[in-house]
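>
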Amino acid sequence: MSARFQAPRGTQDVLPDMQPYWAAVDHAILEVARLFGYRRIDTPQFEAASLFVKGSGDTTDIVEKEMYVFEDRGGDKLALTPEGTPGIARAYLEHGMASWPQPVRLYTTHQMFRYDRPQKGRYRQHTQFDCEVIGSSDALVDAEVIQLLYRTLELLGVNTGLVHLGSIDDLGPRRAYVERLKDYYRPHLEKLSEDSQRRFERNPLRLLDSKDERDQPYKEGAPKLVDQLSPEAEAHMDVVREALEAANVPHVVDPLLVRGLDYYNRTVFEIVPVDDERAQGTLGGGGRYDGLIELLGGPPTPAMGFGSGIERIILEMQKNEVAVAGPAPPDVFLIHRAEGAAAVVTRVAGALRAQGVAVVVGETGRSMKSQFRSADASGARLAVILGEDEVARGVALVKDLRAGGEQREMPIEDMAADATALRAAP
RNA sequence: GCGGGCGUAGCGUAGUGGUUAACGCGUCUGGUUGUGGCCCAGAAGAUCGCGGGUUCGAACCCCGCCGCUCGCCCCA
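If you count the first sequence from 1, position 302 lands on 301 in numbering that gives the first Met the number 0, and the numbers rise without skipping.
#1: Is the separation between the beta-carbon of Ala379 and that of Phe332 shorter than 9 Å?
#2: Any idea if Gly364 is buried or exposed, counting beta-carbon neighbours within 10 angstroms, 16 or more meaning buried?
#3: Would you mind reading off the limits of the beta strand (DSSP E) that contains Met409?
#4: Could you check whether Leu228 and Leu204 sit closer than 9 Å to each other, using their CB atoms as the reference points?
#5: I think Leu400 touches Ala418, with their Cβ atoms under 8 Å apart; what is that distance to the nearest whole Å?
#6: Checking the sheet assignment: what are the DSSP bridge partners for Val454?
#7: Using a Cβ-Cβ cutoff of less than 7 Å, which residues in the same chain neighbour Asn319 once the five nearest sequence positions on both sides are dropped?
#8: By DSSP, does Ala418 sit in helix, in strand, or in coil?
#9: Quick one: complete beta strand (DSSP E) runs, 3+ long, within the stretch 269 to 338?
#10: So is Pro216 buried or exposed if we call it buried at 16+ other beta carbons inside 10 Å?
#11: Near Val360, what residues of its chain come up, given a Cβ to Cβ distance below 7 Å and the 5 sequence neighbours on each side ignored?
#12: Does the stretch 96 to 107 come close enough to the stretch 36 to 51 to have 3 or more Cβ pairs within less than 8 Å?
#13: Can you tell me whether Gly259 is helix, strand or coil according to DSSP?
#14: Just mark Asn247 as buried or exposed, buried being the case when its beta carbon has 16 or more other beta carbons within 10 Å.
#15: Just reading off the beta strand (DSSP E) that Leu77 is part of, what are its end residues?
#16: What's the gap between the Cα of Ala382 and the Cα of Pro329?
#17: Less than 9 Å between the C-beta atoms of Ala350 and Met409, yes or no?
#18: What are the partner residues of Gln11, as DSSP defines its beta bridges?
#19: Glu46 lies in the beta strand (DSSP E); which residues open and close that run?
#20: Can you name, in chain order, every residue of its own chain whose Cβ lies under 8 Å from the Cβ of Arg201, other than the five neighbours on each side?
#21: Taking only the alpha-carbon atoms, compute the straight-line gap between Leu191 and Arg213 and give it to the nearest angstrom.
#22: Between the C-alpha atoms of Ala428 and Thr42, what's the straight-line distance to the nearest angstrom?
#23: Would you decide whether Glu389 is buried or exposed? Buried here means 16 or more other CB atoms lie within 10 Å of its CB.
#24: Identify whether Val344 lies in helix, strand or coil by the three-state DSSP scheme.
#25: Within the same chain, show all residues whose beta-carbon is closer than 6 Å to that of Thr281, passing over the 5 residues directly before and after it, in chain order.
#26: Can you find the residues in the same chain that come closer than 6 Å, C-beta to C-beta, to Tyr91, ignoring five residues on each side of it along the sequence?
#27: Any idea which residues DSSP pairs Ser166 with across the strands?
#28: Would you mind sorting Ala6 into buried or exposed? The rule is 16 or more other CB atoms within 10 Å of its CB.
#29: Return helix, strand or coil for Glu251, following the three-state DSSP convention.
Quick look at the structure:
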């Protein structure tokens, strides 16, 4: 109905029924962060657009085609955060975190905005669970970060497949490799798909995971980066694998794994659900970005991190029929029928709440029957009835809705003063 | 950005050119004075996604737009 307002394309409302899933994810994140010693950081939902142009890379799709850029009333060019890492790197520099004990372990959950054609599991606004470890080049940190995401998903009952692990080496060796790759493809350029011809210019690493029929014959013989890593990168990856092995994180080396941002080096990884049949399956991914902080004007500072899409995680939880706890029902549903009972009703409800009793109040003017129906639907254990008769006599009727439906009288003032008897009732 | 499918009350569906668009769930109100869950009855709730066209007549046929969805691109 375009006549009525609707949520902007690619955005969604999280209705009350869905909130338990979000709460479950929040709890899992809190617990895993505690276990691994990560502290929470929150950064703004928008940043200088140039932070992403510089940090994420000006030729990446995210920056070039998908970023929400706007100019504010003061003329500043800003961007809604399309990804999490540059903002955190910026905060690291801005707040002198280099003088904190290194490395700095941080996590956050953050809204991300990307102008893209929406699909299930791909939205224009989505939420990411982000972890970043800044100030260490230790391969054990790489393994730790991967493990952290894996454990989070495990804790949430999400059935992940193997962790896909790769290495894209350091900048110098990678450039040399890209030249070798282009040399290999150049003679066949004419015969490649249009997409791959574009990739040849813009993102040669992507040539290797083309799905187009026409490109298949050339993939086999193409040089693979993981097969010719520099000795340093190879040794680094060996340690990562050894540590993942020891941590019981099942993984596989994926020679075709490429990440979308410019700043990655060495370790890259991705976690996809087991028997994933959809295109937007990736639950999370990340890698090492030793050059980013320096690129943003800081001292050379190694770092490692990941982003994981919470909407996708929840989609998986639902697919796996993971049970999540809903909110507890109220303790008491307060039914009232007296004329002009607003004051008594409000006072009793307030007194009970002050003692920690959860109270939902029935609607004025509705029949007993109707209010009892509401009481039942609310899931409350007790109905407290303040009818005309009771209010006049200064008592309340307390009825147990779950058990036999027994009912007894309690003086209103006693109940308001001390809810202990009510809790025990009847 | 490219290609395919879909769009009927809050939700799930029926109706595929011809009288006041149907059913289930849900909501509300009742089933004799003030008592829930089950049951029964009634009511409210739909400009048939929006706009235009064809036709005596359109939810139904055609076009455009919007939204969802699947694949590609890309990504979480």
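Backbone N, C-alpha and C fix where the C-beta goes; we use that ideal spot for every residue, glycine too.
Reading off the structure:
#1: The residue you call residue 379 lines up with position 380 of the first sequence. The residue you call residue 332 lines up with position 333 of the first sequence. Contact flag set, yes.
#2: Position 365 of the first sequence holds residue 364. Exposed is the call here.
#3: Within the first sequence, residue 409 is the residue found at index 410, counting from 1. Element bounds for Met409: Gln406 to Pro410.
#4: Residue numbering aside, residue 204 sits at position 205 when the first sequence is read from its first letter. Residue numbering aside, residue 228 sits at position 229 when the first sequence is read from its first letter. Contact: no.
#5: By 1-based counting over the first sequence, the position of residue 400 is 401. By 1-based counting over the first sequence, the position of residue 418 is 419. Incorrect: roughly 17 Å between the Cβ atoms, too far for contact.
#6: Because the chain in this structure spans residues 0 to 425, residue 454 falls outside the shown range and cannot be described.
#7: Position 320 of the first sequence, counted from the start, is the residue given in the question as residue 319. If we look at Asn319 and ignore the five residues flanking it on each side, its Cβ neighbours are Gly156, Val157 and Asn158.
#8: Position 419 of the first sequence, counting from 1, holds the residue named residue 418. Reduced to three states, the DSSP call for Ala418 is coil.
#9: 283 to 287, 302 to 308 and 331 to 335
#10: Within the first sequence, numbered from 1, the residue matching residue 216 stands at position 217. With fewer than 16 Cβ atoms within 10 Å of its Cβ, Pro216 is classed as exposed.
#11: The residue given as residue 360 occupies position 361 in the first sequence. Result list for Val360: Leu333, Val344 and Ala348, in chain order.
#12: yes
#13: Locating residue 259 in the first sequence gives position 260, counting from the first residue. Here Gly259 sits in coil by DSSP.
#14: Translated into the one-based positions of the first sequence, residue 247 becomes position 248. The residue is exposed, with fewer than 16 neighbouring Cβ atoms inside 10 Å.
#15: Here residue 77 refers to the residue found at position 78 of the first sequence. Residues Lys76 to Leu79.
#16: As a first step, residue 382 must be located in the first sequence, where it is residue number 383. As a first step, residue 329 must be located in the first sequence, where it is residue number 330. C-alpha separation (whole angstroms): 10 Å.
#17: Position 351 of the first sequence holds residue 350. Position 410 of the first sequence holds residue 409. No, the pair does not count as a contact, with Cβ atoms beyond the cut-off.
#18: Residue 11 sits at position 12 when you count from the first residue of the first sequence. According to DSSP, Gln11 bridges with nothing at all.
#19: Position 47 of the first sequence holds residue 46. Glu46 -> beta strand (DSSP E) spans Phe45 to Ala47.
#20: Residue 201 sits at position 202 when you count from the first residue of the first sequence. Same-chain partners within the cutoff: Thr58.
#21: For this step, residue 191 is matched to residue 192 along the first sequence. For this step, residue 213 is matched to residue 214 along the first sequence. Leu191 and Arg213: Cα-Cα distance of roughly 6 Å.
#22: What the structure shows of the chain is the stretch from 0 to 425, and residue 428 is not part of that stretch, so it cannot be assessed.
#23: Along the first sequence, read from residue 1 onward, the residue named residue 389 stands at position 390. Glu389 should be labelled buried.
#24: To locate residue 344, count along the first sequence from 1; it is residue 345. Helix, per DSSP.
#25: Locating residue 281 in the first sequence gives position 282, counting from the first residue. Glu269 and Val271.
#26: Position 92 of the first sequence, counted from the first residue, corresponds to residue 91. Result list for Tyr91: Ile133, in chain order.
#27: In the first sequence, counting from the first residue as 1, residue 166 sits at position 167. Partner(s): Thr266.
#28: Start at 1 with the first residue of the first sequence, and residue 6 comes out as number 7. By the neighbour-count rule (16 or more Cβ atoms within 10 Å), Ala6 is not buried but exposed.
#29: Start at 1 with the first residue of the first sequence, and residue 251 comes out as number 252. Looking at the sequence shown, residue 251 is not Glu but Val. It is a strand residue.
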